[in-house]
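2 protein chains.
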Amino acid sequence: MFEQLYKSFHQHVSLTNEEWELCKNNFRPKRMLKRQFLLQEGDVCRELAFVEKGALYSYSVDSKGNQHVIRFAFDGWWMANLQSFFTGDPSRLNIELLEDSELLVLDLKNHETLLEKIPAYERYHRIIIQNAYVALQQRVENALGLTAEEKYSRLIKQSPEFMNRVPLHLVASYLGVSPETLSRVRASFSR
Amino acid sequence: MFEQLYKSFHQHVSLTNEEWELCKNNFRPKRMLKRQFLLQEGDVCRELAFVEKGALYSYSVDSKGNQHVIRFAFDGWWMANLQSFFTGDPSRLNIELLEDSELLVLDLKNHETLLEKIPAYERYHRIIIQNAYVALQQRVENALGLTAEEKYSRLIKQSPEFMNRVPLHLVASYLGVSPETLSRVRASFSR
DNA sequence: CTCTGACCTTGATATATATCAAGGGTTTTT
DNA sequence: AAAAACCCTTGATATATATCAAGGTCAGAG
């Protein structure tokens, strides 16, 4: 139940057994089914979610009704709307289940408890968010001024798993191109 | 010399006087002139820079020779290529001075020293990077699927300072549109 | 004081990609 | 087993934006 979380912590920091037990006890396991919402636009994001197993994605819907995928999360990744979680403002994002999943969730109070009590926990989060920032910046770099073809070919290099676990129209939205364009790019690739 | 840095720390955490002195002593003041490079593509980013006063920007140059502005930094902001700084890999980004500036720089060793010795310093960095992540995600959301006009009008709402301190062709690059398009958008706005 | 380079604007044209539309698999639901 | 929903593809057309080209302003350098 906590294998992935344990692995993730120990990839970045060392925790004593007591510290690990304390961490564990502040998380709440939560099972969810495909197509359920972990967070809906307008609600406040009350929990950080760690994905033990499964797949989720977050997206916004713009004024014209178009969906924009912000990110995906798979086994061993974190998912939340940090903006809403830390400010308490209503979320403009939705988070939806892409597969039946096992999550470990953590509310703000418990998160702050762990930050206070376990320095290594704060270090872990600093490193995790640092890495997420670097990845996101890479994504901005790719999104800005690459052609649809280049975006696609970088994606399959950098995140091939996406193509197997995610419907193509969501990948298209993630890349910022239309589903039709992505389809044509793929067709031209396989020739 | 250290006013902005002091302010920035104390906006997010509390430091004792000794802690503040220790922090301060690990930074090195560095003056630089407009058009100088803080970091050049191919070099490793050896220092985090805090901007006491001035303006910088980071950018990449793609295979077609097009420049893509990643971000700007003004008084009280941080600037570095985190990817290169933490991995030691050569940078694909350049960081260039937009104005004569006063920087406070910090190498990896000193940064790690401070992380070890001062928990509040680690907390400060966690919060700073968390905020940067939220802002960057907002930018992705804007870049993906907004028209040039919408991008521009959001920018002047969210970061009006950019328009005063940054040449328009760099703003255009930051938004991912051509200078000509930005110019036309602005013309249509002022009518 | 004039020259030069940096920066911005405007016009004409080209093009990548969106949009509209239809059809055909596949999977899920009833 | 049929119906419905979802997902992907392909074609035709439209459009936002890039690109190419030229001219103008302004500040700093010589």
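Line by line, the protein sequences are chains U and E. All letters in the first sequence, in the order written, are residues 1 to 191 by the working numbering. All letters in the second sequence, in the order written, are residues 1 to 191 by the working numbering. For glycine and all other residues, C-beta sits at the position ideal for the given N, C-alpha and C.
What residues in its chain sit with their C-beta under 8 angstroms from that of residue 91 (chain E), if we drop five residues either side in the sequence? In the second sequence, counting from the first residue as 1, residue 91 (chain E) sits at position 91. Closer than 8 angstroms at Cβ, skipping near neighbours: 39, 40, 41, 42, 43, 44, 45, 81, 83 and 84.
Three-state secondary structure (DSSP) at residue 194 (chain U)? No answer is possible for residue 194 (chain U): the residues shown for chain U start at 1 and end at 191.
Considering only C-alpha positions, which residue in the set U:35, U:161 and U:49 is nearest to residue 2 (chain U)? Residue numbering aside, residue 2 (chain U) sits at position 2 when the first sequence is read from its first letter. Comparing alpha-carbon positions, the option among U:35, U:161 and U:49 lying closest to residue 2 (chain U) turns out to be U:49.
How do the segment 123-138 of chain E and the segment 7-17 of chain E stand: do at least 3 beta-carbon pairs fall below 8 angstroms, yes or no? Taking a cut-off of 8 angstroms for Cβ pairs, the segment 123-138 of chain E and the segment 7-17 of chain E touch, as three or more such pairs fall below it.
What number of angstroms, rounded off, separates the C-alpha of residue 141 (chain E) from the C-alpha of residue 186 (chain E)? On the second sequence, position 141 is the one that residue 141 (chain E) refers to. On the second sequence, position 186 is the one that residue 186 (chain E) refers to. Here the alpha carbon of residue 141 (chain E) sits roughly 22 angstroms from the alpha carbon of residue 186 (chain E).
Would DSSP call residue 73 (chain E) helix, strand or coil? The count along the second sequence starts at 1 and reaches residue 73 (chain E) at position 73. Note: residue 73 (chain E) maps to strand in three-state DSSP.
Could you tell me the distance, in whole angstroms, from the CA atom of residue 123 (chain E) to the CA atom of residue 151 (chain U)? Numbered from its first residue, the second sequence carries residue 123 (chain E) at position 123. Numbered from its first residue, the first sequence carries residue 151 (chain U) at position 151. Taken atom to atom, the span from the alpha-carbon of residue 123 (chain E) to that of residue 151 (chain U) is near 35 angstroms.
Check the Cβ of residue 52 (chain U) against every Cβ in chain E and list those closer than 9 angstroms, keeping chain order. Here residue 52 (chain U) refers to the residue found at position 52 when the first sequence is read from its first residue. The CB of residue 52 (chain U) never comes closer than 9 angstroms to any CB in chain E; the least such distance is about 23 angstroms.
Looking at C-alpha atoms only, which residue of U:64, U:87, U:101 and U:62 is the closest neighbour of residue 78 (chain U)? In the first sequence, residue 78 (chain U) corresponds to position 78, counting from 1. Out of U:64, U:87, U:101 and U:62, U:101 has the C-alpha closest to the C-alpha of residue 78 (chain U).
DSSP three-state call for residue 28 (chain E): helix, strand or coil? Reading the second sequence from its first residue, position 28 is the one you call residue 28 (chain E). It is a strand residue.
Does chain E have any CB closer than 7 angstroms to the CB of residue 66 (chain U)? Here residue 66 (chain U) refers to the residue found at position 66 when the first sequence is read from its first residue. Yes, its Cβ sits closer than 7 angstroms to a Cβ of chain E.
Contact belief for residue 107 (chain U) with residue 4 (chain U) at Cβ below 8 angstroms, rounded distance in angstroms: Residue 107 (chain U) sits at position 107 when you count from the first residue of the first sequence. Residue 4 (chain U) sits at position 4 when you count from the first residue of the first sequence. Not a contact, Cβ separation roughly 20 angstroms.
So, does the CB of residue 125 (chain E) fall closer than 7 angstroms to a CB anywhere in chain U? As a position in the second sequence, residue 125 (chain E) is number 125, starting the count at 1. So, interface residue.
Cβ closer than 9 angstroms: which chain U residues qualify as neighbours of residue 143 (chain E)? Taking the first residue of the second sequence as position 1, residue 143 (chain E) is located at position 143. By Cβ distance, chain U contributes 140, 143, 144 and 176.
Quick check on the burial criterion: 16 or more other C-beta atoms within 10 angstroms. Buried or exposed for residue 58 (chain U)? As a first step, residue 58 (chain U) must be located in the first sequence, where it is residue number 58. Flag for residue 58 (chain U) reads buried.
Thinking residue 62 (chain E) and residue 176 (chain U) are a contact (beta carbons under 8 angstroms), I'd like their distance in whole angstroms, please. Position 62 of the second sequence, counted from the first residue, corresponds to residue 62 (chain E). Position 176 of the first sequence, counted from the first residue, corresponds to residue 176 (chain U). Residue 176 (chain U) and residue 62 (chain E) do not touch by the CB rule: their CB atoms are close to 17 angstroms apart, not below 8 angstroms.
With a threshold of 7 angstroms between beta carbons, is residue 118 (chain U) in contact with chain E? Stepping through the first sequence from its first residue, residue 118 (chain U) is reached at position 118. Residue 118 (chain U) does not count as touching chain E.
Quick one: which unbroken alpha helix (DSSP H) runs of 4-plus residues sit fully inside the segment 100-169 of chain E? Chain order, please. List check, alpha helix (DSSP H) in window: 108-117, 119-143, 148-158 and 160-165.
Applying a beta-carbon distance threshold of less than 7 angstroms, which residues of chain E neighbour residue 148 (chain U)? Taking the first residue of the first sequence as 1, we reach residue 148 (chain U) at position 148. Per Cβ cutoff of 7 angstroms: no residues; residue 148 (chain U) is ~13 angstroms from chain E at best.
Between residue 128 (chain E) and chain U, is the shortest Cβ-Cβ distance under 7 angstroms, so that the two count as touching? On the second sequence, position 128 is the one that residue 128 (chain E) refers to. Taking Cβ atoms only, chain U never reaches closer than 7 angstroms to residue 128 (chain E), which makes this a no.
Distance, residue 157 (chain E) Cα to residue 136 (chain E) Cα: Residue 136 (chain E) sits at position 136 when you count from the first residue of the second sequence. Residue 157 (chain E) sits at position 157 when you count from the first residue of the second sequence. For residue 136 (chain E) and residue 157 (chain E), the distance between alpha carbons rounds to 16 angstroms.
Burial state of residue 71 (chain E) (16 or more Cβ within 10 Å): If you number the second sequence from 1, residue 71 (chain E) lands on position 71. It counts as buried.
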